[in-house]
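Protein chains in written order, with this note's numbering: chain D, 539 to 652; chain L, -16 to 93.
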């Protein structure tokens, strides 16, 4: 069983740039949820994708967007980066829409915006 | 607005001691989960509780869901250095969101 993998592990970007983060879900899972975890805080829900459709969104601006592919892998795109976007971005896969089944997290992508 | 408040925020104890971590909210949750996160890794699910008053045990860890499904506690007996980590509670008010708490950072000193 392959776990959730995220790439890259670390990334440094400049304010105003755009970034794409990638996530491969655990085999057999069809749902991907993205979270932002600022230093010293709990993860904040960004959005969830179920079978290639957005299935719920947290309180994040439209410059945070995503995609899910037919193989259930996913991308998180952030445009016009701001300093406050510096955080650990976590991807979690699960089976079925919503949050009724356990989330399996990857180890995250550490994004630094300078 | 932080839906889930955890206390204490930081906890440092000696190996062998007992401890309790609390997760409180004014909202009702259909289920509540506890995770542990170690540095450089993602959170790992420990337990899910769904029934008010439910108690679940996982070796030395005891989890309780409040009767009104608004709060939860995690009790660790005879803490070990391997218990060190960030403990996060997460509540699902419905089907389409999962809110994480502020976290409790536990350090167990050998």
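All residues carry an ideal CB built from backbone N, CA and C; glycine is no exception. Just so it is clear, the structure is predicted and the values come from calculations on it, not from any experiment.
If residue i sits next to residue j, beta carbons under 8 Å apart, how far is it from one beta carbon to the other, in whole angstroms?
i, j, result
"residue 644 of chain D", "residue 628 of chain D", "7 Å"
"residue 630 of chain D", "residue 641 of chain D", "4 Å"
"residue 83 of chain L", "residue 541 of chain D", "Contact flag wrong, Cβ pair sits at about 20 Å."
"residue 622 of chain D", "residue 616 of chain D", "Not quite, the Cβ-Cβ distance comes to about 11 Å (not below 8 Å), so this is no contact."
"residue 604 of chain D", "residue 590 of chain D", "Actually they are not in contact, since the Cβ atoms of residue 604 of chain D and residue 590 of chain D sit about 10 Å apart, beyond 8 Å."
"residue 582 of chain D", "residue 574 of chain D", "5 Å"
Is the separation between the beta-carbon of residue i and that of residue j shorter than 9 Å?
i, j, result
"residue 60 of chain L", "residue 91 of chain L", "no"
"residue 71 of chain L", "residue 2 of chain L", "no"
"residue 29 of chain L", "residue 16 of chain L", "yes"
"residue 584 of chain D", "residue 601 of chain D", "no"
"residue 78 of chain L", "residue -2 of chain L", "no"
"residue 548 of chain D", "residue 650 of chain D", "yes"
"residue 50 of chain L", "residue 6 of chain L", "no"
"residue 64 of chain L", "residue 93 of chain L", "yes"
Quick one: what's got a C-beta closer than 6 Å to residue i's C-beta in the same chain, skipping five residues either side?
i, result
"residue 95 of chain L", "Absent from the structure is residue 95 of chain L, since the part of chain L shown begins at -16 and ends at 93."
"residue 559 of chain D", "614, 627, 647"
"residue 562 of chain D", "543, 611"
"residue 100 of chain L", "Coverage of chain L is limited to positions -16 through 93, which leaves residue 100 of chain L absent and any answer about it impossible."
Using a Cβ-Cβ cutoff of less than 8 Å, which residues in the same chain neighbour residue i once the five nearest sequence positions on both sides are dropped?
i, result
"residue 85 of chain L", "-15, -13, -12, -11, -8"
"residue 14 of chain L", "31, 32, 33, 74, 75"
"residue 553 of chain D", "619, 620, 621, 651, 652"
Here's a check: name, in chain order, each residue in its chain whose Cβ is nearer than 7 Å to the Cβ of residue i, leaving out the five neighbours to either side.
i, result
"residue 654 of chain D", "Summary: the structure shown does not reach residue 654 of chain D, with chain D confined to residues 539 through 652, and so no result is reported for it."
"residue 576 of chain D", "625"
Which word fits residue i, buried or exposed, when buried means at least 16 other C-beta atoms lie within 10 angstroms of its C-beta?
i, result
"residue 555 of chain D", "exposed"
"residue 612 of chain D", "buried"
"residue 26 of chain L", "buried"
"residue 571 of chain D", "buried"
Using a cut-off of 9 Å between C-beta atoms, extract the partners of residue i located in chain L.
i, result
"residue 638 of chain D", "13, 14, 75, 78"
"residue 583 of chain D", "80, 81, 82, 83"
"residue 604 of chain D", "Correct list: empty, because the minimum Cβ distance to chain L is about 15 Å."
"residue 554 of chain D", "Near residue 554 of chain D there are no residues of chain L at all, since even the closest Cβ is about 28 Å away, more than 9 Å."
"residue 645 of chain D", "23, 24, 25"
Show which residues of chain D have a CB atom less than 7 Å away from the CB atom of residue i.
i, result
"residue 44 of chain L", "In chain order: nothing, as chain D lies at least about 16 Å away."
Run down chain L in chain order and give the residues with a C-beta less than 8 Å from the C-beta of residue i.
i, result
"residue 559 of chain D", "Those do not exist, as residue 559 of chain D stays about 13 Å from chain L at its closest Cβ, beyond 8 Å."
"residue 568 of chain D", "Simply none; closest approach about 15 Å."
"residue 594 of chain D", "79, 80"
Taking Cβ-Cβ distances shorter than 7 Å, what residues in chain L pair up with residue i?
i, result
"residue 628 of chain D", "25"
By the criterion of Cβ-Cβ separation under 9 Å, what are the contact partners of residue i in chain D?
i, result
"residue -14 of chain L", "Those do not exist, as residue -14 of chain L stays about 10 Å from chain D at its closest Cβ, beyond 9 Å."
Could you tell me which chain D residues have their CB closer than 8 Å to the CB of residue i, listed as they occur along the chain?
i, result
"residue 31 of chain L", "640"
"residue 71 of chain L", "580, 581"
"residue 28 of chain L", "640, 641, 642"
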